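For reference, each letter of the sequence shown is one residue, going 13 to 179 in our numbering.
For glycine and all other residues, C-beta sits at the position ideal for the given N, C-alpha and C.
None of these values were measured; they are calculated from a predicted model.
Take a look at the structure below.
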Amino acid sequence: MEQLFSNRMEAPFGTLYLAATPKGICRISFSPDDFYPWLFDHVDAVEAVEREYHLLKHLKVELRKYFSGHLQQFTSPLDVRGTVFQNKVWQAMQAIPYGKTETYAQVAATIRVGKGFRAVGTACGANPLPIVIPCHRVVGSHGGFGGYAGGLPVKEWLLRREGVMLV
13 MEQLFSNRME
23 APFGTLYLAA
33 TPKGICRISF
43 SPDDFYPWLF
53 DHVDAVEAVE
63 REYHLLKHLK
73 VELRKYFSGH
83 LQQFTSPLDV
93 RGTVFQNKVW
103 QAMQAIPYGK
113 TETYAQVAAT
123 IRVGKGFRAV
133 GTACGANPLP
143 IVIPCHRVVG
153 SHGGFGGYAG
163 GLPVKEWLLR
173 REGVMLV
């Protein structure tokens with residue numbers, strides 16, 4: 013039986029709900045309505061424990077540094093589980109530099125799916141680790157924000173924190 017550790021922390025825009033396995037961080041959610049159903053879906057396969065786990069402690073330190081503008085690259089180990097396509101999109105998002113954005117179409121081109129920008133958007137929406145896997149850096153082609161699991165005000169806050177000039 014695999015262990016799953018969960019905890020939460022306050023961010024400048026609300027509470028973040030965090031989960032990790034012994035392999036790495038596996039979930040960041042902006043809402044208990046998203047987090048707890050996900051957690052309960054995994055309870056049969058794992059032993060779920062809410063406590064301060066060393067990987068979650070490290071992630072909290074990194075997130076606080078990021079929120080204060082003192083961290084640009086996360087080093088917490090990740091335990092990301094998705095389809096082959098989702099993993100390609102998430103890896104491409106991790107390659108977008110701090111303070112920069114790419115469009116859904118640019119990410120699609122990076123992973124060589126041509127006009128698959130809608131599929132890229134779907135994979136962005138399925139990202140289990142927002143902020144750490146920076147889906148907030150992916151925007152619409154015509155200057156629109158696109159969507160964001162934490163809501164557009166949070167996406168705007170994150171982009172401004174990184175110094176992105178918004179139109």
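Around the C-beta of G128, 16 or more other C-beta atoms lie within 10 Å, and the residue is accordingly described as buried.
In the three-state DSSP reduction, T122 falls in the helix class (H, G or I). When only Cα atoms are considered, G162 and M177 end up about 20 Å apart. Beta-bridge partners of L28 (DSSP): M21. For the pair P44 and P142, the Cα-to-Cα distance works out to about 15 Å. Between F79 and V144 the beta-carbon gap is near 13 Å, outside 8 Å, which marks them as no contact.
DSSP places R130 in the helix class (H, G or I) of the three-state scheme. Per DSSP, the continuous beta strand (DSSP E) segment holding R39 begins and ends at G36 to S41. Beta-bridge pairing by DSSP links E114 to V150. In the same chain as A120, and ignoring 5 residues on each side of it, the C-beta atoms closer than 8 Å to its own belong to G126, K127, G128, F129, A131 and V132, in chain order.
By a beta-carbon distance limit of 8 Å, E168 contacts F157. Their separation comes to about 7 Å.
L90 is bridged by DSSP to I37.
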